[in-house]
Amino acid sequence: VEKETGLSIPVADFRFKYLEPGIQSMSFTLSEPGNFLLTLSDMEHNKSISGMPYEYTVYIGYCDGSRSIVNGSGINASVAGESLGFSIYLKDAYGYPSSILVN
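When the letters of the sequence shown are read in order and numbered with our numbering, they come out as residues 291 to 393.
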C-alpha cells in the first residue's frame with residue numbers, strides 16, 4: 291500500500307518460499323519510488339503477523355551507464371555545428387528506469 295494515497299500497488303512477481311517453521315522468504319519488485327506499507331497476515335488463522343504493517347521506502351536507483359541506452363540517427367550522422375537528435379534511456383543497476391536532474 292502506498293502511504294500517501296492509501297492505494298494498493300499490484301505486484302506481479304511476488305515470490306514466497308517456506309524455509310523452516312517460523313521462517314519464510316519473500317521477494318517482489320517495485321519500479322516506482324515512494325513510501326509504502328507491507329502487510330502480511332496468516333489467512334488460515336485470521337491473524338496479523340507481528341510487526342505488521344512494515345514501512346519501507348523505494349528509492350530511484352543511480353544511473354548505470356553500462357545498462358543505459360543511447361539511440362538515434364544523430365549518433366552516427368552528426369555534422370559539427372548542426373543540430374542533431376538522439377535519445378538517452380537511463381537505467382539503474384537492475385535495469386529499471388533511472389532519472390537525473392538536468393540543469
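Beta carbons: idealized from backbone N, C-alpha and C, even for Gly.
Within 9 Å, strictly: CB atoms of residue i and residue j
i	j	result
Pro-323	Tyr-349	yes
Leu-380	Gly-364	no
Ser-321	Ser-331	no
Thr-347	Asn-325	yes
Ser-317	Cys-353	no
Ser-314	Phe-304	It should be noted that the sequence gives Gln, not Ser, for residue 314. Not closer than 9 Å, so no.
Contact set for residue i: own chain, Cβ-Cβ below 6 Å, skip 5 residues either direction
i	result
Thr-329	Met-342 and Pro-343
Thr-319	Asp-303
Nearest-angstrom beta carbon gap, residue j and residue i [assumed within contact, 8 Å]
i	j	result
Tyr-384	Gly-351	6 Å
Residues near residue i in its chain [Cβ-Cβ closer than 7 Å; skip 5 each side]
i	result
Tyr-386	Ser-321 and Gly-351
Phe-376	Val-360, Asn-361, Gly-362, Gly-364 and Ile-365
Lys-293	Asn-325, Phe-326 and Leu-327
Reference residue i; option with closest CA among the options
i	options	result
Asp-382	Glu-372, Val-369 and Ser-358	Ser-358
Gly-296	Gly-371, His-335, Ala-367 and Glu-345	Glu-345
Beta-bridge pairing of residue i - partner residues as DSSP gives them
i	result
Phe-306	Met-316
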